[in-house]
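Chemist: One structure coming up, written as C-alpha cells, with questions to follow.
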Amino acid sequence: MRPLHIIACVKVVPKPEEIRVDSETWTIQRDGVRSEINPPDMNALEMALALKEQHGGRVTVVAMGPPTFVLYLRLALAMGADEAYLLSDRAFAGADTLATSYTLAQGIRKIGDYDLILCGEESSDGATAQVPPGIAEWLNTAQITYAEDLEVLPGSGMVKARRELTGGYEVIQAPLPCVASVKAGANEPRFMDMERKAWAEAEGPLTVWTATDIDVDPEMIGLPGSPTIVDGVAQAEASERKREFLAGTPEEQAQALVERLRAYL
Amino acid sequence: MTKSLYGAQEASAIWVYLEQNQGRLTGVSLELVGKARELTDGRSIPLVGVLLGDQVSGLAQEAIAAGADEVRVADHPLLRQYTTDGYTKAFTELILAGKPDILLLGATPNGRDLAGRLAVRLRTGLTADCTDLRLEEDTGLLVGEVTGFGGGILAYIKCPDNRPQMATVRPGVFAVPAPDGARQGKVVSVPVNLAKEDIKVQVLEHVDGQGVDITRAQVLVAAGRGCQGDLALINELASLLDGEVGVSRVPVDEGWASRDRMIGQTGYVTRPKLAIVCGISGAFQFSVGIEKAETIVAINTDAEAPIFEQADYCIVDDMFDVLPPLIEAVKRARGGNGGR
C-alpha cells in the first residue's frame, strides 16, 4: 500500500464565550471576537497526526473561509500537519451544509490521493453535524460518524472504528477511502511544536485556492448553491423564573427548599 | 442553484422517519409523528411514517396510534442493522417513488448520520437540530427553528425550492402523543432493492445503551464541574426522588458519567417537572437542555453564575454542604407524608 494520506477538515469558529448578538439587527457581531479551530476538529486533527505517527504517511489540512484563516492553518502545520489548503473565495460565502460539503469535497478531490478524511463531529457554532456525511456522499465513500476511536488496519485497506450511539456504541469496519467524524473529546489535542512553529510561519506549505482553482459549478457554491435560507432571527426568550434566593445555613436553605418543593416530593 | 431530484410541484405529504433500534421505535420518532399531526391539522396533508428494518411491520401500529395516516414499511434482511449505505439507498428509492414534500427525522446519532447523507443524495436542503417546526401560513412551507451560535439566538430556516424539505429534531423537544389505539391507518409494504455489495461497511459489534433515558425523567438531579467527580450525594438524592442523574459536559469529558446522561446542546433536551442543578454554571450550551423544566433549583458557590438567572430557587453555597441536609429534609418530608 502507498503511504497513508489523511486529510483533516477544520473549521474556524468564533469562541462561544465571546459571541455577542446585536440587539438592534439580530446579527452576530464578529468584530473583535477571537476565533479558534472548532474544538472537535482539533480532535480530528489530533487523530490524524497520531495515525501518521503510527503508520507513516502524511496529513493535509483543509479549511474553507476568509484569507485570515491562514493563521489557523499555520497552527495546524506547527502541530504536525504536512500541508494545508484554504478554500477562500467570496463566492463561497453564505453556504449551507449542501454547498459547504460540495465545496470541501471539490477541494479534497483537487488535493487528491486521499485515504482517510477526518472531520470533527460537529461545529460549535452551527452544530449541524451534516457536513461530514455530505462530504462522504459527494466523494462516494464510506462514512463513520461519531468515531471515538479509529484504527487503520495495516495492509487491508480498511479502518475499524468505535462509534458512539445513544447510550451504546458499535464497532464498524469500512474500506478506505472513508470519511469519519470524530467525537468531541475523543483525545487530547497536542500543543504546537515550537520547533515547527518558525517553519510553519515562514515556509510551511500553505496553498489558497479560489473557486476557479477547484473546479466547482458556480451555481452550486455559496449562497446561490444553498437550498436553505434564513427567514428571520429572534432572541431566544428566557422563560420566566422565580429567581428566589434562599438564605441561611445549609440546613435552613435545605428546609426552605423542601417547603417550596412539597408538590414534587 | 443545485436542483433537487424532484420539484415542489410534484411533492406532497409529510413523511416521518420511524427510527427503530433492535425492533423498538425510538421515542423521538413518535414525538415527530405527534408534532407532524399537529402541523397537518386543518390541512389535508397526508402524514406518512417510514419504517426501515427487518421484520419490523409490527411497529407500524404504534405510529398509527400516535397519529400517522399511513406507514410504509421497507423490510429486508440487510436492513436489520442500521448502515449508512443500506438505509440511504433504500430510503432514497422510497422517497423518489413517493416524493414527499417534507421529511422529518430524529436528531439521534444514526438519524443525523442518515439525514446528512440523504440530503446530499437528494440535492436538497436540511435544517438540522430544530427546536420547533411550523408551516408557513400562506405558502405551507416548513419553517424550522434552530438555536444558533450558542448565544440564545433563534433562526428560522426554510427551503423554498428543493424537495423534500428536510429537518431533524432533537429528542425531547416535542412530547410523545398519547396513543389512540382506535386510530386506523394503512400499512403498505414497499419493495427493497438491496444487495450485499451496496453496503460498504460491516458492523462488527453493536451494544445498546443501558436504558437510561433522561428525556423521560420527571425529576432530574444534575451535576457539573462542581461535583469534582463525586456523584454519591447526587445519586442518593436522585434515587430518593425517583429521578435520574443528569450531567453537564464536564463530567462526561472527565469520565465521571456516561454520555447518555448529558444535558444540553450536544446532549439531550430534557423536560422534567423538577430539576435540581448542582455545581453547574449554566452556560447556554447546558441551559438549552434544561429550560423546559417546570421548576429549576440551582445550587452553586458562585453567586454570579448564569444558572441563577434561569432558576426558580437559588442557593448560593457549596453543594457538598447543602446536599446532606437537603437529603435529610427530603426524607423527613417524605416521612411526614407517610413515605413511599
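Quick mapping for you: the protein sequence lines, in order, are chains D and F.
The first sequence stops at residue 648 when you use my numbering, and every number in between is there.
The second sequence stops at residue 341 when you use my numbering, and every number in between is there.
Heads up, the beta-carbon is just placed ideally off N, CA and C, and yes, glycines get one too.
(1) Label Val189 (chain F) either buried or exposed according to how many other C-beta atoms from any shown protein chain fall within 10 Å of its C-beta, with 16 as the threshold for buried.
(2) By the three-class DSSP mapping on this structure, what secondary structure does Gly336 (chain F) have?
(3) Here's the rule I'm using: 16 or more other beta-carbon atoms within 10 Å means buried, otherwise exposed. How should Arg341 (chain F) be labelled?
(4) Which stretch, first to last residue, makes up the alpha helix (DSSP H) that contains Tyr485 (chain D)?
(5) Counting contacts by CB-CB distance shorter than 9 angstroms, is Thr41 (chain F) in contact with chain D?
(6) So for Cys228 (chain F), helix, strand or coil by DSSP?
(7) Closer than 9 angstroms between beta carbons: that is the criterion. Which residues of the region 114 to 131 of chain F meet it against chain D?
(8) Which term fits Leu123 (chain F), buried or exposed, when burial requires 16 or more other beta carbons within 10 angstroms of its beta carbon?
(9) From the beta carbon of Gly210 (chain F), is the nearest beta carbon of chain D less than 9 angstroms away?
(10) For Leu387 (chain D), which of D:Gly550, D:Leu434 and D:Ala427 has the nearest alpha-carbon?
(11) Can you give the Cα-Cα distance for Gly339 (chain F) and Glu571 (chain D), rounded to whole angstroms?
(12) Residues of the region 602 to 617 of chain D in Cβ contact with chain F at a cutoff of 8 angstroms, in chain order, please.
(13) For Leu327 (chain F), collect the residues of the same chain with a Cβ closer than 6 angstroms to its Cβ; drop the 5 residues on either side in sequence, then sort them by chain order.
(14) Identify every run of the beta strand (DSSP E) within the region 80 to 142 of chain F, keeping only runs that are complete inside it and at least 3 residues long; order them along the chain.
(15) Taking just the CA atoms, how far does Val444 (chain D) sit from Ile46 (chain F)?
(16) At a CB-CB cut-off below 7 angstroms, which residues of chain D make contact with Val270 (chain F)?
(17) Cβ atoms of Ala37 (chain F) and Ile103 (chain F): under 9 angstroms apart, would you say?
(18) Taking all protein chains shown into account, do 16 or more other C-beta atoms lie within 10 angstroms of the C-beta of Glu504 (chain D), making it buried, or fewer, making it exposed?
(19) Under 9 angstroms, Cβ to Cβ, is there at least one residue of chain D near Gly339 (chain F)?
(20) For Lys394 (chain D), count the other beta carbons within 10 Å of its own beta carbon; 16 or more makes it buried, fewer makes it exposed. Which is it?
(21) Against chain F, does Val535 (chain D) count as a neighbour if the rule is that its beta carbon must be under 9 angstroms from one of theirs?
(22) Given that a residue counts as buried once 16 or more other Cβ atoms are within 10 Å of its Cβ, and exposed if not, what is Asp261 (chain F)?
(23) Between Gly28 (chain F) and Val213 (chain F), what straight-line distance do the alpha-carbon atoms span, to the nearest angstrom?
(24) Taking all protein chains shown into account, do 16 or more other C-beta atoms lie within 10 angstroms of the C-beta of Asn421 (chain D), making it buried, or fewer, making it exposed?
(25) With 9 angstroms as the C-beta to C-beta threshold (strictly closer), list the residues of the region 499 to 521 of chain D near chain F in chain order.
(26) Does Thr595 (chain D) come within less than 9 angstroms of chain F when only Cβ atoms are used?
(27) Report the neighbours of Met2 (chain F) on chain C: residues whose CB is nearer than 9 angstroms to its CB, in chain order.
(28) Is the distance from the Cβ of Met167 (chain F) to the Cβ of Ala116 (chain F) below 9 angstroms?
(29) Name, please, each residue of chain F whose Cβ falls closer than 9 angstroms to the Cβ of Val445 (chain D).
(30) Can you tell me whether DSSP reads Gly477 (chain D) as helix, strand or coil?
(31) Can you find a C-beta in chain D that's less than 9 angstroms from the C-beta of Ser259 (chain F)?
(32) Among the residues of its own chain, which have a CB less than 6 angstroms from the CB of Gly225 (chain F), if the five just before and after it don't count?
(33) Does any C-beta atom of chain F lie closer than 9 angstroms to the C-beta of Val641 (chain D)?
(34) With distance defined between alpha-carbon atoms, name the residue in F:Ile316, F:Thr84, F:Leu232 and F:Ile300 nearest to Ser259 (chain F).
(35) Can you tell me which of F:Arg217, F:Gly186 and F:Val253 puts its alpha carbon nearest to the alpha carbon of Val177 (chain F)?
(36) Can you have a look at Ser5 (chain F) and say buried or exposed, based on whether 16 or more other CB atoms are within 10 angstroms of its CB?
Modeler: Straight from the coordinates:
(1) exposed
(2) helix
(3) Confidence at Arg341 (chain F) is low in this model, with a pLDDT of 45, below 50, so the placement of that residue is unreliable and no value is reported for it.
(4) Membership of Tyr485 (chain D) in the alpha helix (DSSP H) is indicated by the continuous run Thr480 to Ile494.
(5) no
(6) helix
(7) From the region 114 to 131 of chain F, only Asp114, Leu115, Ala116, Gly117, Arg118, Leu119, Ala120, Val121, Arg122, Arg124, Thr125, Gly126, Leu127, Thr128, Ala129 and Asp130 have a Cβ closer than 9 angstroms to chain D.
(8) buried
(9) yes
(10) D:Leu434
(11) Residue placement at Gly339 (chain F) is flagged as unreliable, the pLDDT there being 47, under the threshold of 50; a coordinate-derived value is accordingly withheld.
(12) Listed by position along the chain: Glu602, Met603, Pro607, Gly608, Ser609, Pro610, Thr611, Ile612, Val613, Asp614, Gly615, Val616 and Ala617.
(13) none
(14) 103 to 107, 127 to 131 and 133 to 136
(15) 47 angstroms
(16) Within chain D, no residue comes near Val270 (chain F); the closest Cβ sits about 13 angstroms away, beyond 7 angstroms.
(17) yes
(18) Using a 10 angstroms sphere on the CB of Glu504 (chain D), the tally of other CB atoms reaches 16 or more, which defines it as buried.
(19) Caution is warranted here: a pLDDT of 47 is assigned to Gly339 (chain F), below 50, making its placement in the model unreliable, and no coordinate value can be reported.
(20) buried
(21) With its beta carbon at least 9 angstroms from every one in chain F, Val535 (chain D) lies outside the interface.
(22) buried
(23) 13 angstroms
(24) Answer is buried; the Cβ neighbour count reaches 16.
(25) Glu504, Glu505, Ser507, Asp508, Gly509, Ala510, Thr511, Ala512, Gln513, Val514, Pro515, Pro516, Gly517, Ile518, Ala519, Glu520 and Trp521
(26) no
(27) Within the model displayed, chain C is absent; protein chains D and F are what it includes.
(28) yes
(29) Per Cβ cutoff of 9 angstroms: no residues; Val445 (chain D) is ~18 angstroms from chain F at best.
(30) coil
(31) yes
(32) Ser249, Val251, Gly280 and Ile281
(33) yes
(34) F:Leu232
(35) F:Arg217
(36) buried
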